[in-house]
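Note that the numbering used here has the sequence shown beginning at 6, numbered continuously upward.
Even glycine gets a Cβ: it sits at the ideal position worked out from N, Cα and C.
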Amino acid sequence: MTGRARRIVGPAMLAAALAWTAGSGALGAETADSEMAESEVRDSGRRAATWGLSAEDWTRYEELMRGRRGVWTPDADPLLILGAHARTAAERRRYAEAFVIAEHRRVEGELAFERAVQAAWARLFPRQPRIAAPPPAPAPERYAVVLDRDCADCADTLRGYLKGAAPVDVYVRGAADDDDLRAWASAQGVDAADVRRGRVTVNHGDGGIPGDAPAVWARRGGRWTAVE
Numbered sequence: 006m007t008g009r010a011r012r013i014v015g016p017a018m019l020a021a022a023l024a025w026t027a028g029s030g031a032l033g034a035e036t037a038d039s040e041m042a043e044s045e046v047r048d049s050g051r052r053a054a055t056w057g058l059s060a061e062d063w064t065r066y067e068e069l070m071r072g073r074r075g076v077w078t079p080d081a082d083p084l085l086i087l088g089a090h091a092r093t094a095a096e097r098r099r100y101a102e103a104f105v106i107a108e109h110r111r112v113e114g115e116l117a118f119e120r121a122v123q124a125a126w127a128r129l130f131p132r133q134p135r136i137a138a139p140p141p142a143p144a145p146e147r148y149a150v151v152l153d154r155d156c157a158d159c160a161d162t163l164r165g166y167l168k169g170a171a172p173v174d175v176y177v178r179g180a181a182d183d184d185d186l187r188a189w190a191s192a193q194g195v196d197a198a199d200v201r202r203g204r205v206t207v208n209h210g211d212g213g214i215p216g217d218a219p220a221v222w223a224r225r226g227g228r229w230t231a232v233e
């Protein structure tokens with residue numbers, strides 16, 4: 006045969022080449038997926054460490070935030086979320102202690118900075134008075150209204166909150182059963198459409214809210230405070 010010999014690629018060789026190429030692509034995709042998963046694990050670990058949480062704690066927090074909790078309080082900090090959904094008393098105590106430690110550090114830092122600001126004002130502008138109006142309180146994210154089943158003077162208070170813009174959780178002490186609770190809610194003017202949308206909830210008991218009924222609590226920034 007004259008000239009340069011030509012290499013003939015048969016069907017078997019072509020199939021093997023295609024299989025190798027496909028295998029290489031799959032291996033590259035698996036490597037990329039593995040690297041991405043490792044990066045996500047590292048990021049989750051850093052975020053968990055920021056709050057003094059374990060990787061397991063952070064995984065549970067992310068699971069909770071993918072559910073209704075993430076809709077209710079999307080900006081609440083992880084310790085509050087985990088504490089509110091603690092599965093045991095020991096777990097609740099652990100999150101409560103971690104929350105108090107974090108809050109203590111935050112408050113101490115803010116007070117120290119405020120003292121430094123006051124000193125800076127006195128040093129830089131010694132003869133100029135400083136007048137600062139207190140910032141307005143943010144609008145409540147949600148209300149909790151605790152009432153007794155047979156409270157005759159509570160209807161107007163409840164209706165006032167039901168007509169407001171913020172969602173309301175109503176806790177009723179002394180209802181005999183679910184049917185009694187529904188009948189009470191209907192008599193108080195609770196709109197069934199609001200209940201279906203989740204804007205209003207009607208619950209047995211007091212929701213763990215301390216104090217005597219009637220009582221009203223407001224949630225701002227993920228924290229509940231008594232309404233004066």
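**Request:** Provide the residue span of the beta strand (DSSP E) that contains A220, from first to last.
**Result:** A220 to R225
**Prompt:** With G179 and D155 assumed to form a contact (beta carbons below 8 Å), what rounded beta-carbon distance in angstroms separates them?
**Reply:** Yes, they are in contact, since the Cβ atoms of G179 and D155 sit about 6 Å apart, within 8 Å.
**Request:** Using DSSP bridges, identify the partner residues of A149.
**Result:** D174 and W222
**Message:** I need the boundaries of the alpha helix (DSSP H) containing H109, first residue and last residue.
**Reply:** A94 to L129
**Limits of the alpha helix (DSSP H) - the one that R202 falls within** = A197 to R202
**As assigned by DSSP and simplified to three states, the class of A231** = strand
**Message:** Going by the DSSP bridge assignment, what does T206 pair with across the sheet?
**Reply:** Under DSSP, T206 takes part in a beta bridge, and its partners are D174.
**Prompt:** Are the region 133-145 and the region 92-112 in contact at 8 Å, needing three or more beta carbon pairs?
**Reply:** Short answer: they don't touch.
**Message:** Relative to the C-alpha of A231, which candidate in P131, Y148 and A127 has its C-alpha closest?
**Reply:** Ranking P131, Y148 and A127 by Cα distance to A231 puts Y148 first.
**Prompt:** Taking the continuous alpha helix (DSSP H) assigned at W77, which residues delimit it?
**Reply:** R73 to W77
**Request:** Would you decide whether D62 is buried or exposed? Buried here means 16 or more other CB atoms lie within 10 Å of its CB.
**Result:** buried
**Request:** Apply the 10 Å Cβ neighbour rule to A192 and answer buried if 16 or more other Cβ atoms are within range, or exposed otherwise.
**Result:** exposed
**Item:** Simplified DSSP state of S59, which is helix, strand or coil
**Value:** coil
**Message:** I need the straight-line Cα distance from P145 to A89, nearest angstrom please.
**Reply:** 19 Å
**Asked** Can you tell me where the alpha helix (DSSP H) with R164 in it begins and where it stops?
**Response** A160 to L167
**Message:** Tell me the DSSP secondary structure of R65 in three-state form.
**Reply:** helix
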